[in-house]
Every structure is written in structure tokens, then in C-alpha cells.
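J.:
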Amino acid sequence: MPDLPIYLDNAATTRCDPRVVEEMLPYFTETYGNAGSRNHKFGWDAEAGIDKARERAASLIGAQPKEIIFTSGSTEGNNLAIKGVAEMYSKAPAGSEKRGHIITAIHEHKAVLDPVKRLQKQGFEVTMLEPGQDGLITAEMVKDALREDTILVTIMWANNEIGTINPVPEIGKIVKAHGAIFHTDATQWVGKMPTNVDTDSIDLLTWSGHKIFGPKGIGALYVRRRKPRVRLTAQIEGGGQERGYRSGTHNVPGIVGFGKACELCAEEMDSERDRLLALRQKLESELKSRIDVCEVNGHAERRMPNMTNISFGFVEGEGLMMKIKDIACSSGSACTSASLEPSYVLKALGVGDELAHSSLRLSMGRFTTAEEIDYAINEITDAVLHLRKLSPLYDMHMEGIDISTIEWASH
Amino acid sequence: MAYSPKVIDHYENPRNVGNFGSTADVKKDSAIGVGVVGAPECGDVMQMQIKVNPETKKIEDAKFKCFGCGSAIASSSLATEWLKGQTLDEALEIKNTDIVEELSLPPVKIHCSVLAEDAIRSAIKDYKTKNNIAEEQAAHSH
Numbered sequence: 001m002p003d004l005p006i007y008l009d010n011a012a013t014t015r016c017d018p019r020v021v022e023e024m025l026p027y028f029t030e031t032y033g034n035a036g037s038r039n040h041k042f043g044w045d046a047e048a049g050i051d052k053a054r055e056r057a058a059s060l061i062g063a064q065p066k067e068i069i070f071t072s073g074s075t076e077g078n079n080l081a082i083k084g085v086a087e088m089y090s091k092a093p094a095g096s097e098k099r100g101h102i103i104t105a106i107h108e109h110k111a112v113l114d115p116v117k118r119l120q121k122q123g124f125e126v127t128m129l130e131p132g133q134d135g136l137i138t139a140e141m142v143k144d145a146l147r148e149d150t151i152l153v154t155i156m157w158a159n160n161e162i163g164t165i166n167p168v169p170e171i172g173k174i175v176k177a178h179g180a181i182f183h184t185d186a187t188q189w190v191g192k193m194p195t196n197v198d199t200d201s202i203d204l205l206t207w208s209g210h211k212i213f214g215p216k217g218i219g220a221l222y223v224r225r226r227k228p229r230v231r232l233t234a235q236i237e238g239g240g241q242e243r244g245y246r247s248g249t250h251n252v253p254g255i256v257g258f259g260k261a262c263e264l265c266a267e268e269m270d271s272e273r274d275r276l277l278a279l280r281q282k283l284e285s286e287l288k289s290r291i292d293v294c295e296v297n298g299h300a301e302r303r304m305p306n307m308t309n310i311s312f313g314f315v316e317g318e319g320l321m322m323k324i325k326d327i328a329c330s331s332g333s334a335c336t337s338a339s340l341e342p343s344y345v346l347k348a349l350g351v352g353d354e355l356a357h358s359s360l361r362l363s364m365g366r367f368t369t370a371e372e373i374d375y376a377i378n379e380i381t382d383a384v385l386h387l388r389k390l391s392p393l394y395d396m397h398m399e400g401i402d403i404s405t406i407e408w409a410s411h
Numbered sequence: 412m413a414y415s416p417k418v419i420d421h422y423e424n425p426r427n428v429g430n431f432g433s434t435a436d437v438k439k440d441s442a443i444g445v446g447v448v449g450a451p452e453c454g455d456v457m458q459m460q461i462k463v464n465p466e467t468k469k470i471e472d473a474k475f476k477c478f479g480c481g482s483a484i485a486s487s488s489l490a491t492e493w494l495k496g497q498t499l500d501e502a503l504e505i506k507n508t509d510i511v512e513e514l515s516l517p518p519v520k521i522h523c524s525v526l527a528e529d530a531i532r533s534a535i536k537d538y539k540t541k542n543n544i545a546e547e548q549a550a551h552s553h
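In the order they appear, the protein sequences are chains R and X. Here the first sequence is numbered in the numbering used here, starting from 1 and rising by one per residue. Here the second sequence is numbered in the numbering used here, starting from 412 and rising by one per residue.
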């Protein structure tokens, strides 16, 4: 029996690795200088910590240290990349129309969609690509959407709700050949899967510390310096830190922890990927064999090894989570949000609203054990079968009534 | 969001789960009223069935089934408890606000209580339709 509750919500955030915390601690109480202080040891030591972290972060994605901008996390990184490019490469001055074309997809994270929507209001034109049922954006879709005035393409690497993997190297190649700038929100990808910004044709890449067993409140944006040299308009101005792209006193302990987290991910990536993939496959195959009308959402193969999104027909997601109270996870159900709308990501895949309400996202991490997955399989199975005894929809299904043919009074 | 102890109790030990037979059977039985409200795409479907004693005209038994969150399950479970032993008119007095109060539902879950009230009304309406009882007549029979 594993220690309860068990944590299967690593796509939301991860436990900070104790080795990361250990490396951070001296930077709170001993090496507490401001890296901007150029004239004393406190400042120099803090700067040395940052330099080391920058090297480790760059090394994880095949970049040069000078190409790493530390941010507060992926939301800030995405905002800086998207708004910074739009402002810098705008084809017409603020206040006018036709300022340039941006391509993204409808099932991106809100930290990409909301900045893009703001730019749309400010005179930029936007194409929102729609994925197929497998949740993927293909290089072909991007190619067809490119225009002469396209300045930016922003497509995430791995989706945060369903874990599907977009063909980023192929998309990058096409965008590069076209002469536009390519940004990818790689928050769910980097640290878990091999990344090389050169061979993968990436100009801007966002990732975050707390998704890779590092601390919260720290992340990085990769900004290409050659072939081509990408320039951004700063969104946070002040003391000129981070080559002027991101002012503000450095979060030295956070940056040090981020660097350590990157290093550990690089060291353990191959073994972790294999281990987690085996656990995910077991989780999916066991649940599918024990529960009828149970669908894994998203592409069958092109998915992250550490997460799965499963719809259990005739059972509502929040009700299900309440039953499996010792398993921390997420649901695409409306009830987990204030909006009462089910997941827009699942809707984008054409998953019916009813199955979107019935979905669970289970995401594993470095500290997930095989014993925990066995426990989760049993608990989820019991909960689904129990709730189906309560479900009028399951009765209808068993009586052979197609619930999609019933005229429901919506409320 | 934390659930109230009463929601957890009804969720963990739902009262009166079930139905009085297959969909076809209950349709034919004039002693039974069935209400199905909500929609799968909204994330809630509630089915309420009442069995009315032909002599006393009281609801002698009630059953529910619910596709929904914990608060929806608790609201319908509580409603079946309240329905038993009531006349139809008394049952119509049950308001969603009573359910909200009893279960301490937060604002975001009020729609669950509304659905339970709708389910009660829908089941009673079905019973009356089956038995040719006009709405007004029933309303003045006590």
C-alpha cells in the first residue's frame, strides 16, 4: 500500500527535488547578494551562481548560455516571446491595421492564447489552427496558413491537457524557410524529452522550473542569437537585467534551483522516459481492459510518456475525482472550473461535451512509483464502476438507448 | 473547494439509488412518476422516480440516479429522502434553497439544487399526466 494521498498531477506542478532545494539553500542566507552589485564579493558570488545555472539551462536544450533569458515562469516567457516579437517586427505602427500575421492553435495554453488575442485587438491578424481528432497540428496545416506578412508562428510542443506531441522540428523547418519567427511553448516537453534548438529549428522556446522538479516562480525563454538573430521588445522595463529583455533583480535562489533542475533532468531523462512510458502503458491498458466505454484522448502514439487523459463514459469527472479522493489529479469536467464549460482542449479534438465532462488527466513524475500506479488502477476502476451504478446514462446505454439521440432539455 | 460533511455523507452513502424497473416498465406503471432533467453535455443528468400509493396518495418510495458531480449526487439523494411520505402538494413545496441550506452548497453548486427541484417537479408532472390529474385540481386538494 503506497503512502496516501498519491500525486498524479505532475502536469500541473511537480515536487521540487530535494537535491534542487539543497543547492538553493545557501543562496537565501549566505550567498544572498544582488547579482547586479559589481563591486563586492556578495554580488560576484550571486552572479557566479546565475552563470552556472544559465549554462545548465542552455545545455538542456542545446543552446548557448547567452541565449537564455530568465523569467518568472512560462506565462511570462510566452508573453515576452509573443508580445515582444509582435512589437519588434510589427509591419505598421501602433494604432493602425495590418500590423502583421500571427499563427497559433485553438488548443494552446491560455498563456499563449490571451496574449495573441490582445495583439489581435491591437491590429495584428491571427490564424487559429484547429487540430484533427488526434489533437495534432501538422507541418502541412502551418504551411497552408503561412502568409507573406506572417511574422510569428507559436505552436506548443506538448499539450498540457492531453500530452499530444506536435511535430515541432517539422513545423520549425517550414516556418524558418518562410522567414517568420517560430516560438514554441515547451513547458510540458523540455526536461522530459530531448531538445536541440538548432536541429529542431526553434527561434524562441519557453519552459518553466516547477514542471521539471524545480522551484515555482522561475522559468526561462530561449532567444536565438544567430541565424537569425531574434530581437524582442522588452515587456518589463527597469534595471536592464537579462540583456535588457527582462528587468528586475535576479531571483538568485530560483535561478540556481532552475539550473540544478535542468541538470538533473538531462542526467535522468532517458531512464525516466522509459520508466514513465511503461507505467503509462500499464495504466492505460489495465483501465481499458477493466472498464468498458473508456477512451484515451489524443493521438495513440504521439503523446508524452508521463501523462494520459482518459474519458470514462457515463461518469462525470468531478464526481469521479471526489470518489478517488486519495489520488490527486485533474478533470476536463466543467465542474472543476467556475465557467461550467468543459475543457476547450478536448472540445477542440471533437471529443463530445459529454465525454469531455467524463475525463481525467493523470500525470506522473520522477517520484511516481509502480505501486502508486497499481493503487490508482484499482481505485479508479472501483470508482467508475460504483458511479455507473448511480448513472442514469449507463442504464440507458445498457438498455441499448443511444443517449446522443435523446432530446435533452439544456439548462 | 472543500465539500460539506453532509455532501460527503450523501455522496459516500447515497440513499435510494435505483429505479422501479426498466425504462419501458416504469413508463407503463401509472403509480410511478419519472423525471429526467439536465443534459450530458452540461455535465449533469438527474433521474427521479416516485411511487405513489393509490390509497393514501402519498409518495411511498422514491429512487434516483445521477450523472454529475458530488453535489449533484448529494442533492438528488437528499431529495429522495425528503420525498418519502409526502403528498404531491407537499413535495412541490420542496425548494432548491432548502437543499442549498441543508447541504451548505457553495454558489458555484447552486445549479445542482435547482436541478434536483426540477427533477422532483418533472417526476410529479409525469405522475399527474399518467393519472389525468389536472395541475390546478391537485393544487387545491389539501
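Don't be surprised by glycine CBs; every beta carbon is placed ideally from N, CA and C. Just so it is clear, the structure is predicted and the values come from calculations on it, not from any experiment.
1. Quick check: the segment 276-295 of chain R against the segment 119-126 of chain R, are there 3 or more CB pairs under 8 Å?
2. Just mark ILE429 of chain R as buried or exposed, buried being the case when its beta carbon has 16 or more other beta carbons within 10 Å.
3. List, in chain order, every chain R residue whose beta-carbon is nearer than 9 Å to that of THR434 of chain X.
4. If we cut at 9 Å on Cβ distances, does SER333 of chain R have a partner in chain X?
5. What are the partner residues of MET156 of chain R, as DSSP defines its beta bridges?
6. What is the C-beta distance between VAL116 of chain R and LEU232 of chain R, in whole angstroms, given that I count them as a contact (C-beta under 8 Å)?
7. Whole angstroms is fine: what's the gap from ARG19 of chain R's alpha carbon to ILE255 of chain R's?
8. Could you tell me the boundaries of the beta strand (DSSP E) in which ASP185 of chain R lies?
9. When you compare each of X:LYS468, X:ASP500 and X:CYS477 to LEU489 of chain X by their alpha carbons, which one comes out closest?
10. When burial is assigned at 16 or more other CB atoms within 10 Å of the CB, is GLY191 of chain R buried or exposed?
11. Can you give me the Cβ contacts of LYS325 of chain R inside the same chain, cut-off strictly under 8 Å, excluding the 5 residues immediately before and after it?
12. Could you tell me the distance, in whole angstroms, from the CA atom of ALA450 of chain X to the CA atom of MET457 of chain X?
13. LYS323 of chain R CB to nearest chain X CB: under 9 Å?
14. Out of X:PRO518, X:TRP493, X:TYR422 and X:ASN543, point me to the one whose CA is closest to ILE531 of chain X's CA.
15. Please list the terminal residues of the continuous beta strand (DSSP E) segment that includes TYR222 of chain R.
16. Which residues in chain R have a C-beta closer than 7 Å to the C-beta of GLY496 of chain X? List them in chain order.
17. Rounding to the nearest angstrom, what Cα-Cα distance links ASN78 of chain R and ASP436 of chain X in this structure?
18. Which of the three DSSP states is assigned to SER552 of chain X in this structure?
19. Taking 9 Å as the CB-CB cut-off, is GLY479 of chain X touching chain R?
20. Decide if GLU466 of chain X is buried, meaning its Cβ has at least 16 other Cβ atoms within 10 Å, or exposed.
21. Across the segment 22-39 of chain R and the segment 351-361 of chain R, are there enough close Cβ pairs to call them in contact, namely three or more that are closer than 8 Å?
22. Pick from R:HIS107, R:GLY95, R:ARG224 and R:GLU263: whose alpha carbon is nearest that of SER59 of chain R?
23. What would DSSP say about SER311 of chain R, mapped onto helix, strand or coil?
24. Taking the CB atoms as reference points, tell me whether SER311 of chain R and VAL345 of chain R lie closer together than 9 Å.
25. Of all Cβ atoms in chain R, is any one closer than 9 Å to the Cβ of TYR422 of chain X?
26. Can you give me, in chain order, the residues of the segment 455-469 of chain X that have a beta carbon less than 8 Å from any beta carbon in chain R?
27. Can you name the residues of chain R whose CB is closer than 7 Å to the CB of GLU492 of chain X?
28. Would you kindly work out how many angstroms separate the C-alpha atoms of ALA139 of chain R and MET128 of chain R, rounded to a whole number?
29. Just to confirm, is the Cβ distance from LYS520 of chain X to SER482 of chain X under 9 Å?
30. Pick out the complete alpha helix (DSSP H) segments inside the segment 298-380 of chain R, 4 residues or longer, and give them in chain order.
31. Taking CB distances under 9 Å as the criterion, tell me whether ILE484 of chain X reaches chain R.
32. Under a three-way DSSP split, which group does GLU47 of chain R fall into?
33. Can you name, in chain order, every residue of its own chain whose Cβ lies under 6 Å from the Cβ of ILE137 of chain R, other than the five neighbours on each side?
34. Taking the beta strand (DSSP E) that ASP144 of chain R falls in, what are its first and last residues?
35. Flag TRP207 of chain R as yes if its beta-carbon sits less than 9 Å from any beta-carbon of chain X, otherwise no.
36. Using 9 Å as the threshold, is the C-beta distance between ILE461 of chain X and ILE443 of chain X below it?
T.: Answer, in terms of the structure:
1. No, they do not touch.
2. With chain R represented from 1 up to 411, any question about residue 429 of chain R goes unanswered, as that position is not in the structure.
3. Per Cβ cutoff of 9 Å: ASP395, MET396, GLU399 and ILE401.
4. Yes, contact with chain X.
5. Beta-bridge partners assigned by DSSP to MET156 of chain R: none are found.
6. Their Cβ separation, rounded to whole angstroms, is 16 Å, which puts VAL116 of chain R and LEU232 of chain R out of contact at 8 Å.
7. The straight-line gap from Cα to Cα measures roughly 14 Å.
8. Run containing ASP185 of chain R: 181-185, per the beta strand (DSSP E) assignment.
9. Of X:LYS468, X:ASP500 and X:CYS477, the residue nearest in Cα terms is X:CYS477.
10. By the C-beta density criterion, GLY191 of chain R is buried, having at least 16 other C-beta atoms within 10 angstroms.
11. For LYS325 of chain R, same chain residues with a beta-carbon under 8 Å away, outside a window of 5 residues either side, are PRO5 in chain order.
12. Our two residues, ALA450 of chain X and MET457 of chain X, have alpha carbons roughly 9 Å apart in a direct line.
13. Using a Cβ-Cβ cut-off of 9 Å, LYS323 of chain R counts as an interface residue toward chain X, since at least one Cβ of chain X sits closer than that to its own.
14. Of the listed residues, the one whose Cα sits closest to ILE531 of chain X is X:TRP493.
15. Counting along the chain, TYR222 of chain R sits inside the beta strand (DSSP E) bounded by residues 219-223.
16. By Cβ distance, chain R contributes nothing, its closest Cβ being about 23 Å from GLY496 of chain X, past 7 Å.
17. Approximately 58 Å between the Cα atoms of the pair.
18. Note that SER552 of chain X scores a pLDDT of 44, beneath 50, so its modelled location is shaky; the value from the coordinates is reported in the next line. It is coil, neither helix nor strand.
19. It does: the Cβ of GLY479 of chain X has a partner Cβ on chain R nearer than 9 Å.
20. Counting of Cβ neighbours within 10 angstroms places GLU466 of chain X among the exposed residues, the total staying below 16.
21. Taking a cut-off of 8 Å for Cβ pairs, the segment 22-39 of chain R and the segment 351-361 of chain R do not touch, as fewer than three such pairs fall below it.
22. Comparing Cα-Cα distances from SER59 of chain R to each of R:HIS107, R:GLY95, R:ARG224 and R:GLU263, the minimum goes to R:GLU263.
23. In this structure, SER311 of chain R counts as strand in the three-state DSSP scheme.
24. Their beta carbons are not under 9 Å apart, which means SER311 of chain R does not touch VAL345 of chain R by this criterion.
25. Interface residue (Cβ-Cβ distance to chain R less than 9 Å): TYR422 of chain X is classified as such.
26. Going along the segment 455-469 of chain X in chain order, one finds ASP455, VAL456, MET457 and GLN458 with a Cβ nearer than 8 Å to chain R.
27. The premise fails here: GLU492 of chain X is roughly 15 Å from chain R at the closest Cβ pair, so nothing lies under 7 Å.
28. Distance between the alpha carbons of ALA139 of chain R and MET128 of chain R: 14 Å.
29. Yes; because the gap between Cβ atoms is below 9 Å, this pair is in contact.
30. Listed in chain order, the complete alpha helix (DSSP H) runs (minimum 4 residues) inside the segment 298-380 of chain R are 317-323, 344-348 and 353-356.
31. With 9 Å as the cut-off, ILE484 of chain X counts as an interface residue toward chain R.
32. The answer is helix: DSSP assigns GLU47 of chain R an H, G or I state.
33. Apart from the 5 residues on each side of it in sequence, ILE137 of chain R sits with its Cβ closer than 6 Å to the Cβ of ALA105, LEU129, PRO131, ILE155 and ASN166 in its chain, given in chain order.
34. Per DSSP, ASP144 of chain R is not a residue of any beta strand (DSSP E); the alpha helix (DSSP H) it occupies stretches across 139-145.
35. Output row for TRP207 of chain R: interface = no.
36. ILE461 of chain X is a Cβ neighbour of ILE443 of chain X, given a cutoff of 9 Å.
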